[in-house]
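Peer 1: First residue of the sequence shown? That's 2 in the working numbering, and the numbers climb one at a time after it.
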Amino acid sequence: MDSFPEIEIAEYKVFDESNNNDDNVLNISYGVDENYLDGVGVSIASVVLNNNIPLAFHIICDSYSPCFVKYIERLAVQHHIKISLYLIKVESLEVLPQTKVWSRAMYFRLFAFDYLSKKVNTLL
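Structure (structure tokens):
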């Protein structure tokens, strides 16, 4: 992805309430904009409630509120999971195309696999 602009992380927050070894965890990534943050919370809760395997979640977005951060922290504590929040600097992405249907969040998904593949063994 040499022609892809460098994406920078402006802020990183992690809420780790798990007792898991990173080697045996299924990592699940979300690349979203602020319009889908509620959906991310619902999705995480659903995955946790319907699976009995070690899980870690990565949320990559360009904006989130303090209220959302508190919600994610509560979710991590309640379900004994690890949730990482990555706030992306979007200035470098302004040169890339986007439409009403395809927001810049699609680039967060590409970034997730590029960035996280160097840090975790599994990623969905």
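C-beta: ideal position from N, C-alpha, C; glycine also.
Tell me whether the segment 81-91 and the segment 14-32 touch, counting them as touching only if at least three CB pairs, one residue from each stretch, are closer than 8 Å.
Peer 2: yes
Peer 1: If I measure Cβ to Cβ from Leu94 and keep anything under 8 Å in the same chain, skipping five residues before and after, which residues do I get?
Peer 2: The residue given as residue 94 occupies position 93 in the sequence shown. Excluding residues within five positions, the ones whose Cβ falls inside 8 Å are Pro6, Ile8, Arg105, Tyr108.
Peer 1: With a cut-off of 8 Å, do at least 3 Cβ pairs link the segment 43-54 to the segment 15-22?
Peer 2: no
Peer 1: Nearest-angstrom Cα distance between Lys119 and Phe112?
Peer 2: As a working mapping, residue 119 is identified with position 118 in the sequence shown. As a working mapping, residue 112 is identified with position 111 in the sequence shown. Cα to Cα, Lys119 sits roughly 11 Å from Phe112.
Peer 1: Could you give the residue range of the alpha helix (DSSP H) that holds Leu50?
Peer 2: Residue numbering aside, residue 50 sits at position 49 when the sequence shown is read from its first letter. Residues 38-50.
Peer 1: Count the other CB atoms within 10 Å of the CB of Ser66; is the residue buried (16 or more) or exposed (fewer)?
Peer 2: Locating residue 66 in the sequence shown gives position 65, counting from the first residue. By the 10 Å Cβ count, Ser66 comes out exposed.
Peer 1: When DSSP builds the beta bridges, which residues end up paired with His81?
Peer 2: Within the sequence shown, residue 81 is the residue found at index 80, counting from 1. In the DSSP output, where bridge partners are listed per residue, His81 has none listed.
Peer 1: When you compare only the Cα positions, how much space is there between Ala77 and Ser19?
Peer 2: Locating residue 77 in the sequence shown gives position 76, where the first residue counts as 1. Locating residue 19 in the sequence shown gives position 18, where the first residue counts as 1. Taking the straight line joining both Cα atoms gives about 8 Å.
Peer 1: In the DSSP assignment, what residue or residues form a beta bridge with Asp17?
Peer 2: Stepping through the sequence shown from its first residue, residue 17 is reached at position 16. Looking at the DSSP assignment, Asp17 forms a beta bridge with Lys83.
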